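> Residue numbers (full-length UniProt numbering), protein chains in the order written: chain H, 1 to 223; chain Y, 1 to 223.
Got a structure for you, written out below as structure tokens; questions coming shortly.
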């Protein structure tokens, strides 16, 4: 049987994308928590860039979420999480990049840095102007998701895909911190409820980190 | 015959990765230059994120370099540019992410922003401290490449891959601006000479942009 060890941080959106995909494909794995902000030598030996997650599969070292997720699609294709034809795949990939680059820069770079990383790194209180900018940007992204989901069952089309996991991974960490204004975006909220109730999501909802308590509704399936 | 239109900017490293892969696979395409910093409506209609490149292939819209490159590997697999087994592919993907994220942030974010984007956007003179930081960081990355290439034929191993194109796409734009200190890194220089002499590289070496003249040695194969 294939042995998989996932080196990850529970509140890292990239790590969550991999955990959701592993869960959806029902692939068992062992977890190793990485305090990435401390850049431990044992982790840098696995991935010189220091970025989580890393999955070691029977000795094969897979660095970072896109490498792991592409590898899983190629080696464990069922259920497919990247769409079945070129058009579905192009749309899923476009949205994955949207989150990994644009959302990461414009929203996570502010909200997660100010509210989570500064706490982990002992860098003091959040900067209020940066929080405001992250929240403002988040509303633009939620409006875009609301428009997409109003015409589709899932984010990239008719089927659940890695695009949904990319979006949910980011939003779930921001929701842990209590910063997603769900009520203004009913279609996004319904989509997130559907995702939250999937078995693959359960471990995500059980995540807790000392000193960082989740919002009261975080693990509520009917929030 | 498949019709491909590549919407790109000649000095954009992400666009260059796609042009190199298309050239290596000998796939003909039409070019459309995008002045991405002006965010033209016609381009935003193709890709809402505003990021170059976008390839339209017989009407199918493929947004951004990773989407296009993954699509090309799946639909035009010869020659393969992502390695032939899971280990080669994992290493090529790790290095592609290294450049798309880490190098982009630590080097291109300074050097290309200060010397190219500020010129394109009319934002004034480069900030000297930012240039210094970008050049310092570039030397660390070149030392890492020197170490990798001292033990390998190509960046990800025994075969040319998208990892080489990712590295060469970034370095070639920085070299256009005259900022790569080749002489300190002889193995990287030899590797870059090998790449420069491939037919796929010719259009890259012919790139010119008004108001931004290339370094004197830019298109010299024996620099």
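Here a beta-carbon is modelled for each residue, glycine too, at the ideal position from N, C-alpha and C.
Just so we're clear, the structure is a prediction, and the values are computed from it rather than from any experiment.
For the region 148-168 of chain Y against the region 127-139 of chain Y, are there 3 or more C-beta pairs whose distance is under 8 Å?
Here the region 148-168 of chain Y makes no contact with the region 127-139 of chain Y; the two share fewer than three CB pairs at distances below 8 Å.
> Please go through the region 97-159 of chain Y and give each complete alpha helix (DSSP H) segment of 4 or more residues, from N-terminal end onward.
109-112, 118-121, 128-150
> So residue 14/H packs on residue 75/H, CB below 8 Å; how close in whole Å?
Numbered from its first residue, the first chain carries residue 14/H at position 14. Numbered from its first residue, the first chain carries residue 75/H at position 75. 20 Å between Cβ atoms; not a contact.
> Quick one: is residue 102/H near chain Y, going by C-beta distance under 8 Å?
Against the first chain, residue 102/H aligns to sequence position 102. Yes, its Cβ sits closer than 8 Å to a Cβ of chain Y.
> Applying a beta-carbon distance threshold of less than 8 Å, which residues of chain H neighbour residue 87/Y?
As a working mapping, residue 87/Y is identified with position 87 in the second chain. Those within 8 Å of residue 87/Y in chain H are 60.
> From this set, 20/Y, 66/Y, 7/Y, 156/Y, which residue's C-alpha is nearest residue 33/Y's C-alpha?
As a position in the second chain, residue 33/Y is number 33, starting the count at 1. If we check each option's Cα against that of residue 33/Y, 7/Y comes out closest.
> Name, please, each residue of chain Y whose Cβ falls closer than 7 Å to the Cβ of residue 67/H.
To locate residue 67/H, count along the first chain from 1; it is residue 67. Chain-ordered, the chain Y residues with CB closer than 7 Å to the CB of residue 67/H read 90, 93, 94, 97.
> Along the alpha helix (DSSP H) that carries residue 4/H, what are the first and last residues, could you check?
Looking up residue 4/H in the first chain gives position 4. It is not in any alpha helix (DSSP H) - residue 4/H instead sits in the beta strand (DSSP E) that spans 4-8.
> Based on Cα-Cα distance, which residue from 216/H, 182/H, 221/H, 209/H lies nearest to residue 10/H?
The residue labelled residue 10/H in the question sits at position 10 within the first chain. Here the closest residue by C-alpha is 209/H.
> Pick out whichever of 48/Y, 85/Y, 37/Y, 141/Y has its Cα sitting closest to the Cα of residue 123/Y.
The count along the second chain starts at 1 and reaches residue 123/Y at position 123. Cα-wise, what sits closest to residue 123/Y is 37/Y.
> Quick one: give me the first and last residue of the beta strand (DSSP E) that residue 69/Y is part of.
Counting from one through the second chain, the residue named residue 69/Y turns up at place 69. From DSSP, residue 69/Y is part of no beta strand (DSSP E) but of the alpha helix (DSSP H) over 65-75.
> Considering Cα atoms alone, identify which of 44/H, 191/H, 195/H is closest to residue 148/H.
Taking the first residue of the first chain as position 1, residue 148/H is located at position 148. Of the listed residues, the one whose Cα sits closest to residue 148/H is 191/H.
> Measuring only the C-alpha atoms, how far is residue 143/H from residue 19/H?
By one-based count along the first chain, residue 143/H stands at place 143. By one-based count along the first chain, residue 19/H stands at place 19. Distance between the alpha carbons of residue 143/H and residue 19/H: 27 Å.
> For a contact meaning CB atoms closer than 8 Å, what does residue 75/H contact in chain Y?
Residue numbering aside, residue 75/H sits at position 75 when the first chain is read from its first letter. Neighbours of residue 75/H on chain Y, chain order: 86.
> So residue 49/Y contacts chain H; which residues on that side make the cut at Cβ distance below 7 Å?
One-based indexing of the second chain puts residue 49/Y at position 49. Neighbours of residue 49/Y on chain H, chain order: 98, 102.
> What are the boundary residues of the beta strand (DSSP E) that includes residue 188/Y?
Looking up residue 188/Y in the second chain gives position 188. Note, residue 188/Y: premise wrong, no beta strand (DSSP E); alpha helix (DSSP H) at 186-196.
> Give the residues of chain Y in contact with residue 71/H, contact being defined as C-beta atoms less than 9 Å apart.
Indexing the first chain from 1 puts residue 71/H at position 71. Correct list: 86, 89, 90, 93.
> What residues in the region 107-121 of chain H bring their beta carbon closer than 8 Å to a beta carbon of chain Y?
none
> Buried or exposed for residue 156/H, going by 16 or more other Cβ atoms inside 10 Å?
Position 156 of the first chain, counted from the start, is the residue given in the question as residue 156/H. Label assigned to residue 156/H: buried.
> Determine whether the beta carbon atoms of residue 71/H and residue 62/H lie at a separation below 8 Å.
For the purposes of this step, residue 71/H is taken as residue 71 along the first chain, with counting starting at 1. For the purposes of this step, residue 62/H is taken as residue 62 along the first chain, with counting starting at 1. For the 8 Å CB-CB criterion, residue 71/H and residue 62/H form a contact.
> Counting contacts by CB-CB distance shorter than 8 Å, is residue 38/H in contact with chain Y?
For this step, residue 38/H is matched to residue 38 along the first chain. Not an interface residue.
> Out of 132/H, 185/H, 69/H, 113/H, which has the shortest C-alpha to C-alpha gap to residue 93/H?
Translated into positions along the first chain, residue 93/H becomes position 93. Of the listed residues, the one whose Cα sits closest to residue 93/H is 69/H.
> Return the bridge partner residues of residue 209/H from the DSSP annotation.
Position 209 of the first chain, counted from the start, is the residue given in the question as residue 209/H. DSSP lists 212/H as partners of residue 209/H.
> With distance defined between alpha-carbon atoms, name the residue in 132/H, 1/H, 16/H nearest to residue 196/H.
Against the first chain, residue 196/H aligns to sequence position 196. Ranking the options by Cα distance to residue 196/H, first place goes to 16/H.
> Please return the same chain residues whose Cβ sits closer than 7 Å to the Cβ of residue 102/Y, not counting the five positions on each side in sequence.
Taking the second chain and counting its residues from 1, one reaches residue 102/Y at position 102. If we look at residue 102/Y and ignore the five residues flanking it on each side, it has no Cβ neighbours.
> If we define contact as Cβ-Cβ less than 8 Å, is residue 78/H a contact residue for chain Y?
As a working note, residue 78/H is residue 78 in the first chain. Judged by the 8 Å Cβ criterion, residue 78/H is not in contact with chain Y.
> So who's on the other strand from residue 22/H, going by DSSP bridges?
Indexing the first chain from 1 puts residue 22/H at position 22. DSSP, once it has assigned bridges, lists no residue as partnering residue 22/H.
> Does the distance from the CB of residue 205/H to the CB of residue 219/H come in under 8 Å?
To locate residue 205/H, count along the first chain from 1; it is residue 205. To locate residue 219/H, count along the first chain from 1; it is residue 219. It is a contact, given that the beta carbons lie within the stated cut-off.
> Specify the secondary structure class of residue 60/H as computed by DSSP and reduced to three states.
As a first step, residue 60/H must be located in the first chain, where it is residue number 60. It is a strand residue.
> Less than 8 Å between the C-beta atoms of residue 215/H and residue 153/H, yes or no?
Here residue 215/H refers to the residue found at position 215 when the first chain is read from its first residue. Here residue 153/H refers to the residue found at position 153 when the first chain is read from its first residue. Contact flag unset, no.
> For residue 162/Y and residue 221/H, what's the separation of their Cα atoms in angstroms?
Position 162 of the second chain, counted from the start, is the residue given in the question as residue 162/Y. Position 221 of the first chain, counted from the start, is the residue given in the question as residue 221/H. About 42 Å.
> Against chain H, with Cβ distances strictly below 8 Å, would residue 64/Y count as a contact?
Here residue 64/Y refers to the residue found at position 64 of the second chain. Output row for residue 64/Y: interface = yes.
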